[in-house]
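Some notes on the structure that comes next.
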């Protein structure tokens with residue numbers, strides 16, 4: 030018996046979002062790896078600069094990965110591009126897990142970053158193109174929700190290893206190796222899922238697009254009224270696009286187009302400028318200043334991941350009811366307030382001072398948790414959802 034269409038579409042979107050689990054897992058796992066005594070021994074007690082490069086090399090790889098992702102997706106299909114991204118990530122994961130020196134670790138981080146960069150671009154694209162209009166907003170916010178799941182898993186894996194395998198090779202190799210697990214089914218099963226109907230239409234494969242729409246929204250019934258209407262809408266939109274300019278230059282052809290692109294770019298930039306990745310990556314160093322042991326630090330980080338997941342779940346549930354603009358305004362305002370309070374606490378009660386105030390330290394950590402909730406409830410997930418809702422000219426722009 031075929032699944033209800035919306036449930037089937039949700040499952041397809043969730044499977045594509047496995048790429049976000051990889052990103053979230055990396056955010057949570059590397060913080061525990063870089064403080065492991067055995068990791069420091071294997072990598073010859075690297076300097077602080079090298080540790081910083083280990084952390085940032087994944088982000089460098091992600092930047093590089095975004096460039097070919099759009100070209101591969103437009104030329105060979107969304108599913109194929111997702112498969113390529115997952116395979117590259119697997120290569121990076123293997124290199125990290127087997128790392129015997131600094132160079133091997135950096136290479137692994139870079140390749141994993143390339144895969145994450147590709148998947149971060151491709152998953153929301155695929156989700157938006159297969160989604161029913163009534164669930165498109167919630168489906169695209171799955172990016173941040175699954176990222177939170179990955180971070181939560183990593184936090185508890187690192188916490189468990191720090192307690193039961195402290196000082197051993199298992200303490201850091203096992204968490205790094207575990208990141209490969211979600212990438213394997215993503216790489217080898219994504220081709221079994223429906224292709225993007227829109228991409229099929231751009232390639233002139235109308236019958237395949239019809240079957241894909243029917244599979245997604247009508248239990249395979251190609252005569253369904255909604256399916257036929259969706260196909261006609263895609264066809265009409267592509268016909269309009271063929272009569273207009275194409276390519277990267279179209280982005281700068283009018284103020285309206287520049288505004289659309291600017292909204293997406295600024296939103297994504299604003300996410301990174303909050304420093305959320307730095308907080309995740311350097312949480313052990315931040316919490317250590319307040320005198321906590323490694324195991325307690327990883328427990329605090331696990332609690333932080335749980336709070337983030339609650340915020341992300343709230344966004345998935347309410348995004349279509351509350352809209353996009355006001356949640357973004359409120360969540361950014363609250364996040365800014367948390368930073369202001371945390372800064373004031375450190376100015377008045379510096380953790381590195383001769384007589385650190387434990388209560389002020391606890392309040393500082395609470396501000397991190399509250400910030401993380403509002404980031405996860407609005408700033409992070411809506412940075413994926415809002416660009417997808419911008420009126421656009423479709424595939425005449427590079428993906």
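In our numbering, the protein residues as written are 30 to 428. Backbone N, C-alpha and C define an ideal beta-carbon position, used for all residues, glycine too.
Out of the options, state which residue places its alpha-carbon closest to the alpha-carbon of residue i.
{"i": "residue 114", "options": "41, 148, 103 and 134", "result": "148"}
{"i": "residue 395", "options": "190, 60 and 366", "result": "366"}
{"i": "residue 221", "options": "212, 109 and 369", "result": "109"}
{"i": "residue 173", "options": "344, 363, 379 and 361", "result": "344"}
{"i": "residue 204", "options": "111, 160, 188 and 348", "result": "188"}
{"i": "residue 39", "options": "123, 162 and 111", "result": "162"}
{"i": "residue 306", "options": "337, 288, 319 and 328", "result": "337"}
{"i": "residue 358", "options": "415, 331, 242 and 35", "result": "415"}
{"i": "residue 335", "options": "405, 144, 196 and 71", "result": "405"}
{"i": "residue 341", "options": "43, 407 and 256", "result": "407"}
{"i": "residue 235", "options": "253, 257 and 216", "result": "257"}
{"i": "residue 66", "options": "333, 155 and 194", "result": "194"}
{"i": "residue 361", "options": "215, 330 and 304", "result": "304"}
{"i": "residue 34", "options": "217, 253, 60 and 138", "result": "253"}
{"i": "residue 211", "options": "327, 119 and 137", "result": "119"}
{"i": "residue 138", "options": "89, 36, 156 and 101", "result": "89"}
{"i": "residue 199", "options": "41, 355, 368 and 61", "result": "61"}
{"i": "residue 171", "options": "86, 47 and 215", "result": "47"}
{"i": "residue 317", "options": "387, 185 and 134", "result": "387"}
{"i": "residue 57", "options": "184, 87 and 285", "result": "184"}
{"i": "residue 158", "options": "69, 59 and 260", "result": "260"}
Exposed or buried, what is residue i when buried is set at 16 or more other beta-carbons lying within 10 Å of its beta-carbon?
{"i": "residue 127", "result": "exposed"}
{"i": "residue 294", "result": "exposed"}
{"i": "residue 232", "result": "exposed"}
{"i": "residue 130", "result": "exposed"}
{"i": "residue 262", "result": "exposed"}
{"i": "residue 143", "result": "buried"}
{"i": "residue 323", "result": "buried"}
{"i": "residue 125", "result": "buried"}
{"i": "residue 192", "result": "exposed"}
{"i": "residue 384", "result": "exposed"}
{"i": "residue 156", "result": "buried"}
{"i": "residue 390", "result": "buried"}
{"i": "residue 182", "result": "buried"}
{"i": "residue 355", "result": "exposed"}
Check for me: the alpha helix (DSSP H) holding residue i runs from which residue to which?
{"i": "residue 187", "result": "171–193"}
{"i": "residue 362", "result": "354–377"}
{"i": "residue 49", "result": "47–62"}
{"i": "residue 236", "result": "235–246"}
{"i": "residue 198", "result": "Run containing residue 198: none; DSSP gives neither H nor E here."}
{"i": "residue 93", "result": "77–105"}
{"i": "residue 161", "result": "Segment: none, residue 161 is in no alpha helix (DSSP H) and carries neither H nor E."}
{"i": "residue 210", "result": "209–218"}
{"i": "residue 313", "result": "312–317"}
{"i": "residue 23", "result": "This structure leaves residue 23 out entirely; the chain is present only between 30 and 428."}
{"i": "residue 66", "result": "66–71"}
{"i": "residue 286", "result": "284–302"}
{"i": "residue 130", "result": "Here residue 130 belongs to no alpha helix (DSSP H), and DSSP marks it neither H nor E."}
{"i": "residue 406", "result": "First-last for residue 406: undefined, no H or E at that position."}
{"i": "residue 333", "result": "323–351"}
{"i": "residue 267", "result": "254–271"}
Looking at the C-beta of residue i, does it have a partner C-beta in chain E at a distance below 9 Å?
{"i": "residue 311", "result": "In the structure shown, chain E cannot be found, because there is only a single protein chain."}
Less than 8 Å between the CB of residue i and some heavy atom of the ligand NAP, yes or no?
{"i": "residue 190", "result": "For the ligand NAP, the structure offers nothing, since it holds no ligand at all."}
**Prompt:** How about the segment 39–56 and the segment 169–187: do they share at least three Cβ pairs that are nearer than 8 Å?
**Reply:** yes
**the segment 91–98 in contact with the segment 137–154 per 3-pair CB rule at 8 Å** = yes
**Prompt:** Is it a yes or a no for the segment 68–76 touching the segment 206–215, going by three-plus beta-carbon pairs under 8 Å?
**Reply:** no
**Request:** Check whether the segment 302–314 touches the segment 155–170, taking contact to mean three or more Cβ pairs, one atom from each stretch, closer than 8 Å.
**Result:** no
**Prompt:** Contact between the segment 258–272 and the segment 365–381: three or more CB pairs below 8 Å?
**Reply:** no
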